[in-house]
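Numbering (our numbering), first residue to last: 16 to 294.
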């Protein structure tokens with residue numbers, strides 16, 4: 016049975032590999048399929064789909080990972096099999112991306128007041144064609160000598176509780192689900208255990224998401240213990256949701272986490288993809 020990986024990032028958001036490089040790596044690893052799910056952007060999909068033409072044994076699934084907010088928590092919704100040419104979807108995604116630009120400009124202003132030589136234009140020039148995230152800020156601070164490590168960058172400058180952080184206006188996870196459905200995609204609740212919600216609050220969220228059109232949830236994930244995987248599968252079964260799974264591969268941005276195998280024990284069987292394809 017061949018593996019699949021339904022949660023992967025390229026350098027079009029905060030990964031380190033190009034979409035074409037990811038296709039080559041997935042083919043080398045013998046994956047049946049992988050989904051390119053960059054944060055809040057579909058900019059890498061055309062490149063990935065073009066590269067896939069050289070590998071008929073590999074399916075590249077067009078996807079996205081949308082950031083949303085629920086009761087002060089950052090909730091991520093993965094979309095699979097997007098019609099990424101859908102005009103309504105693209106228009107709403109553009110509006111959503113603009114809020115990230117506004118936040119980035121404010122954060123750069125705050126960091127300049129701390130004596131850091133940074134502008135949004137400098138960030139963009141160092142990370143061209145990428146959706147700028149806090150991971151890019153951290154890399155910038157490290158490469159320019161303001162910090163000694165990426166964790167220090169988050170602790171001192173770009174983490175949620177620093178004086179320089181600026182939250183951006185986000186959609187709700189229910190809106191994210193509806194946006195993905197608008198593009199004929201399959202919405203998936205990403206890595207549910209990472210939100211550190213009580214069982215009751217997580218179940219409450221899932222009920223709301225299911226009403227909005229949620230189809231699946233990640234039950235297999237790089238950091239899940241076997242007990243967590245079983246618990247997520249029971250939760251999905253209870254609410255009639257399909258299983259999904261992925262590594263959340265970012266390349267060098269997440270050292271030792273590999274495409275398809277996570278930290279060494281991840282295996283997402285192709286049968287999971289077969290069930291999603293029955294929709």
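Glycine residues also receive a C-beta, built at the ideal position from the N, C-alpha and C atoms.
| Item | Value |
| --- | --- |
| Beta bridge counterpart(s) of residue 236 as assigned by DSSP | 261 |
| Run of the alpha helix (DSSP H) containing residue 153, from where it starts to where it stops | 149-158 |
| Where residue 45 falls, given that 16 or more other Cβ within 10 Å makes a residue buried | exposed |
| Residue 168 (DSSP reduced to helix, strand or coil) | helix |
| Residue 357 versus residue 42: straight-line alpha-carbon distance, rounded | No statement about residue 357 is possible, as the shown extent of the chain runs from 16 to 294 and does not include it. |
| Assumed close pair residue 149, residue 117 - CB separation to whole angstroms, cut-off 8 Å | Their Cβ separation, rounded to whole angstroms, is 15 Å, which puts residue 149 and residue 117 out of contact at 8 Å. |
| Segment contact flag, the stretch 47-61 with the stretch 18-34, C-beta cutoff 8 Å, min 3 pairs | yes |
| Touching by the beta-carbon criterion (3+ pairs, under 8 Å), the stretch 80-95 and the stretch 51-71 | yes |
| Beta-carbon proximity of residue 112 to residue 194, cut-off 7 Å | no |
| Length of the line joining the Cα atoms of residue 31 and residue 196 | 29 Å |
| Exposed unless 16 or more other CB atoms sit within 10 angstroms - verdict on residue 202 | buried |
| Residue 221 in three-state terms, based on DSSP | helix |
| For residue 69, three-class secondary structure by DSSP | coil |
| The stretch 213-221 contacting the stretch 245-257, beta-carbon criterion three pairs below 8 Å | yes |
| Proximal residues to residue 47 (C-beta, below 6 Å), its chain only, five neighbours per side dropped | 17, 19, 285 |
| The stretch 118-131 / the stretch 224-231 touching (three or more Cβ pairs under 8 Å) | no |
| Buried or exposed by the 16-neighbour rule on C-beta atoms within 10 Å, applied to residue 184 | exposed |
| Own chain, CB closer than 6 Å to residue 104, minus 5 neighbours either side, in chain order | 197, 198 |
| Own chain partners of residue 141 with C-beta closer than 7 Å, once the 5 adjacent residues on each side are dropped | 155 |
| Three-state secondary structure (DSSP) of residue 345 | Lying before the first or after the last residue shown, residue 345 is absent from the chain, which here runs from 16 to 294. |
| Beta-carbon separation (whole angstroms), residue 259 vs residue 237, contact threshold 8 Å | Actually they are not in contact, since the Cβ atoms of residue 259 and residue 237 sit about 13 Å apart, beyond 8 Å. |
| Element boundaries [alpha helix (DSSP H), containing residue 273] | Taken as a continuous stretch (DSSP letters only), residue 273 belongs to no alpha helix (DSSP H), as it is neither H nor E. |
| Spatial neighbours of residue 122 in its chain, beta-carbon cut-off 8 Å, leaving aside the 5 residues before and after | 152, 173, 179, 180, 181 |
| Three-state secondary structure (DSSP) of residue 205 | coil |
| Three-state secondary structure assigned by DSSP to residue 200 | coil |
| DSSP-derived helix/strand/coil call for residue 216 | helix |
| Residue 75 classed as buried or exposed, judged by whether at least 16 other C-beta atoms fall within 10 angstroms | buried |
| Buried or exposed by the 16-neighbour rule on C-beta atoms within 10 Å, applied to residue 34 | buried |
| Status (buried if at least 16 other CB within 10 Å, exposed otherwise) for residue 290 | exposed |
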